[in-house]
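Each remark here refers to the structure printed beneath this line.
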Amino acid sequence: MAKSKVRMGMVGGGQGAFIGAVHRIAANIDGEIELVCGAFSSNGERSIASGADLYLPANRCYATYEEMFAAEAQLPAEKRMQFVAIVTPNHLHFAVAKAAMEAGFHVLSDKPATFDLQQAVDLAEVVKSTGQLYGLTHTYNGYPLVKQAQDIIASGQLGKVTKVIVEYTQGWLADKEGDSGKQAAWRVDPARAGISCCMGDIGVHAANLAEYVTGSHISKMCSDLGSVVEGRLLDDDGTILLRFDNGARGVLLSSQVQVGDENNLRLRVYGEKGGIEWSQLEPNTLWLKSNTAPTQMIRTGVGAFSANAQAAIRTPAGHPEGYLEAFANIYGNFVKQIRAFEAGEDHSNAAFDVPGIDEAIRGMAFIENSVTFSQSETKWHDFVIAPL
1 MAKSKVRMGM
11 VGGGQGAFIG
21 AVHRIAANID
31 GEIELVCGAF
41 SSNGERSIAS
51 GADLYLPANR
61 CYATYEEMFA
71 AEAQLPAEKR
81 MQFVAIVTPN
91 HLHFAVAKAA
101 MEAGFHVLSD
111 KPATFDLQQA
121 VDLAEVVKST
131 GQLYGLTHTY
141 NGYPLVKQAQ
151 DIIASGQLGK
161 VTKVIVEYTQ
171 GWLADKEGDS
181 GKQAAWRVDP
191 ARAGISCCMG
201 DIGVHAANLA
211 EYVTGSHISK
221 MCSDLGSVVE
231 GRLLDDDGTI
241 LLRFDNGARG
251 VLLSSQVQVG
261 DENNLRLRVY
271 GEKGGIEWSQ
281 LEPNTLWLKS
291 NTAPTQMIRT
301 GVGAFSANAQ
311 AAIRTPAGHP
321 EGYLEAFANI
331 YGNFVKQIRA
341 FEAGEDHSNA
351 AFDVPGIDEA
361 IRGMAFIENS
371 VTFSQSETKW
381 HDFVIAPL
C-alpha cells in the first residue's frame, strides 16, 4: 500500500494569528503532514476567508469546528482529516478537543491543555473512553540538546539531582498599552485565559521542562505571583520555590514584564557530581559542568547523542536549529504515533516522546496550584492534582 501524508485539520489560527502559522510551518517541515481543512476563527466569514488564504478548497473551509467535525466524519476514510491541531485561546481547548475525539479524530493541542484543571481531568476521561490519541505541544521538549540533557541525567552522569533552576522571562507585557493587541488581549482576560496570564502562558512551559529533563515531579511549592502592571487582572510575574519528589530543591522564575527580555527560557540542573546548563537563546549549546574537570561544551550534531536527541537533529553541525524545528519534532513524533496507532502497534505517548494527557493534567495543576498557593499565608503546599 502506498504511503500517504497524514491529514490535518486546524481549529483557530486564522488571519492575524501568530501561533497558528507556527503550527502550520512546523507541521510542514518534514513533508509528512497535509493541511486539508480548518475552522480558523470564531467568526464564520473570517474562518472561511482564512482557509481561502491557505489555498484550501472551499468545501473544506468551515465556519465552525462543529460543522467541520460533522462533515469530515462523513468523508471517505482516505480523504477525511486524521487529527486536528487546536490553536485557539485557552477557553475553547476543552470543548474542541472533546468534540474532536468523540467524532473520531486525534488531537494535538496547544498548551495549556484546558481552561482549568477540572476540564483537564474530564478530558482524560474522554481520551480513555474514545481511545483517540492526545498530544500537547510543549515545544521546548523538542530541542535536541534538551533531550540530550534528559539522557545525561537519566544515565547518572550528574549523580543525584539536588538543585533545579528554571527561568522563562519576557518583557513584552511590561506596559498596559500592549494589552489591547491581538496576542495580548486574550492572555490578560480571565474569561479567555483562565486564572493566570504569566504562569498559564509561559510558567507552565518552564515547569514542564524541569520535570521532563530531570525525570522528577514537583511535589511541593511556595508561590509568590503578582501583577506588576497596575489594573491588570491576572499575574504577569512570579517566583516559585520548588521541591521535587527525589528530594531536590528548585526555583522557577517566570515574568512577562522584564523589560528587554525575549523568550528567555533557561534551565540549570545540578547533581552531586556535576551540572548542566541550557538556554533557548543558544539552543545548539549545552554546558556540562564539574568541580573536577574543565567545563564541557556540547554542540548539536558533534559526537554521539542519545537516540531521542539524535532523532531530533536535522542538519549537520553548525547549521542552527531552533524553535520551528523543535516544534516540528513534536509534530513529527505525533505523526509516527498516529501511524503506529493505525498499524495496531504500541502507540503510547511515552513510546513516541509526545507530551500527553498526563502532562496536560500536571500542567493545569501547576497553574492552579501556583495561583492558589500564592494567595495563602502558608509557606509550603503539597502539589495537588485534584481541582482545588
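Letter 345 of the sequence shown, counting from 1, is numbered 345 in the UniProt record's numbering, and no numbers are missing. Backbone N, C-alpha and C fix where the C-beta goes; we use that ideal spot for every residue, glycine too.
Buried or exposed for L209, going by 16 or more other Cβ atoms inside 10 Å?
Here residue 209 refers to the residue found at position 209 when the sequence shown is read from its first residue. Result: buried.
In terms of DSSP beta bridges, what is I218 paired with?
Locating residue 218 in the sequence shown gives position 218, where the first residue counts as 1. Per DSSP, the beta-bridge partners of I218 are F244.
Report yes or no: do three or more beta-carbon pairs, one from the stretch 163 to 179 and one from the stretch 266 to 273, lie closer than 8 Å?
yes
DSSP three-state label for G274, please.
Along the sequence shown, read from residue 1 onward, the residue named residue 274 stands at position 274. G274 falls in the coil class under three-state DSSP.
Beta-carbon proximity list for W186, same chain, < 7 Å, skipping 5 on both sides:
As a first step, residue 186 is located in the sequence shown; it is residue number 186 there, counting from the start. Same-chain partners within the cutoff: P89, R192, A193.
Cutting at 6 Å between CB atoms, please list the residues of its own chain near T378, excluding the five before and the five after it.
Stepping through the sequence shown from its first residue, residue 378 is reached at position 378. Within the same chain, no Cβ atom closer than 6 Å to the Cβ of T378 is found once the five residues on either side in sequence are excluded.
Have a look at A49 and S109 and give me their C-alpha separation to the nearest angstrom.
Residue mapping note: residue 49 aligns to position 49 of the sequence shown, counting from 1. Residue mapping note: residue 109 aligns to position 109 of the sequence shown, counting from 1. Those two C-alpha atoms are separated by around 23 Å.
Count Cβ pairs between the stretch 208 to 223 and the stretch 132 to 151 that sit closer than 8 Å; are there 3 or more?
yes
Contact with chain B by A293, beta-carbon distance below 7 Å
In the displayed structure, chain B is absent; only one protein chain is listed.
Please name the residue, chosen from H91, P57, L133, that lies closest to G38 on a Cα-to-Cα basis.
Indexing the sequence shown from 1 puts residue 38 at position 38. Out of H91, P57, L133, P57 has the C-alpha closest to the C-alpha of G38.
Along the chain, which unbroken stretches of the beta strand (DSSP E) at least 3 residues long are found entirely within the stretch 98 to 171?
106 to 109, 134 to 136, 161 to 169
Name, in chain order, the residues that DSSP records as bridge partners for Q296.
Along the sequence shown, one-based indexing puts residue 296 at 296. DSSP lists L288 as partners of Q296.
Close Cβ partners of F305 (< 6 Å) along its chain, the five nearest in sequence each way excluded:
Here residue 305 refers to the residue found at position 305 when the sequence shown is read from its first residue. So the qualifying residues of the chain are Q148.
State the beta-bridge partners of H381 as determined by DSSP.
Position 381 of the sequence shown holds residue 381. In the DSSP output, where bridge partners are listed per residue, H381 has M221.
Between the alpha carbons of A351 and E345, how many angstroms are there, rounded?
Taking the first residue of the sequence shown as 1, we reach residue 351 at position 351. Taking the first residue of the sequence shown as 1, we reach residue 345 at position 345. Each residue's Cα considered, the two are about 11 Å apart.
On a Cα-Cα basis, can you pick out the residue from I29, N333, F334, N369 that is closest to D224?
Locating residue 224 in the sequence shown gives position 224, where the first residue counts as 1. For D224, the nearest C-alpha among the options comes from N369.
Take the Cβ of Q258 as the centre, count every other Cβ of all protein chains shown within 10 Å, and call the residue buried at 16 or more, exposed below.
Within the sequence shown, numbered from 1, the residue matching residue 258 stands at position 258. It is buried - the Cβ of Q258 has at least 16 other Cβ atoms within 10 Å.
Residue range of the beta strand (DSSP E) that includes S306
Residue 306 sits at position 306 when you count from the first residue of the sequence shown. Neither: S306 is in no beta strand (DSSP E) and is coded neither H nor E.
Tell me, please, whether the stretch 116 to 124 touches the stretch 231 to 244 by the rule of three or more beta-carbon pairs shorter than 8 Å.
no
So, helix, strand or coil for S255, using DSSP?
Against the sequence shown, residue 255 aligns to sequence position 255. Reduced to three states, the DSSP call for S255 is strand.
Within the continuous beta strand (DSSP E) that includes L35, where are the two ends?
On the sequence shown, position 35 is the one that residue 35 refers to. Its beta strand (DSSP E) spans residues 33 to 39.
Length of the line joining the Cα atoms of A248 and G215:
By 1-based counting over the sequence shown, the position of residue 248 is 248. By 1-based counting over the sequence shown, the position of residue 215 is 215. Roughly 12 Å between the two C-alpha positions.
Using a threshold of 7 Å, state whether the C-beta atoms of Y134 and I385 are closer than that.
In the sequence shown, the residue the question calls residue 134 occupies position 134. In the sequence shown, the residue the question calls residue 385 occupies position 385. Not in contact: Y134 and I385 (Cβ atoms no closer than 7 Å).
Given a cut-off of 7 Å, decide if E277 and W287 are closer than it, judged by their beta-carbon atoms.
The count along the sequence shown starts at 1 and reaches residue 287 at position 287. The count along the sequence shown starts at 1 and reaches residue 277 at position 277. Yes, the Cβ-Cβ distance between W287 and E277 is below 7 Å.
How long is the line joining the alpha carbons of F334 and V354, rounded to whole angstroms?
Translated into the one-based positions of the sequence shown, residue 334 becomes position 334. Translated into the one-based positions of the sequence shown, residue 354 becomes position 354. Their backbone Cα atoms lie some 6 Å apart in a straight line.
Nonlocal neighbours in the same chain, by C-beta distance under 6 Å from V127, ignoring five residues either side:
Position 127 of the sequence shown holds residue 127. Correct list, in chain order: Y134, I357.
Range of the contiguous alpha helix (DSSP H) that encloses M68:
In the sequence shown, residue 68 corresponds to position 68, counting from 1. Here the alpha helix (DSSP H) through M68 covers 65 to 73.
Neighbourhood of E32 by C-beta, 7 Å cutoff - its chain only, sequence neighbours within 5 removed:
Sequence index remark: in the sequence shown, residue 32 carries index 32 (1-based). Here the set comprises K5, V6, G332, V335.
When the distance is taken between beta carbons, is V84 closer than 7 Å to G9?
Taking the sequence shown and counting its residues from 1, one reaches residue 9 at position 9. Taking the sequence shown and counting its residues from 1, one reaches residue 84 at position 84. Inclusion of G9 and V84 in the CB contact set at 7 Å is warranted, their separation being smaller than that value.
Helix or strand or just coil, what does DSSP make of L10?
On the sequence shown, position 10 is the one that residue 10 refers to. It is worth fixing the name first, because residue 10 is Met in this sequence and not Leu. Of the three classes helix, strand and coil, the one that applies to M10 here is strand, per DSSP.
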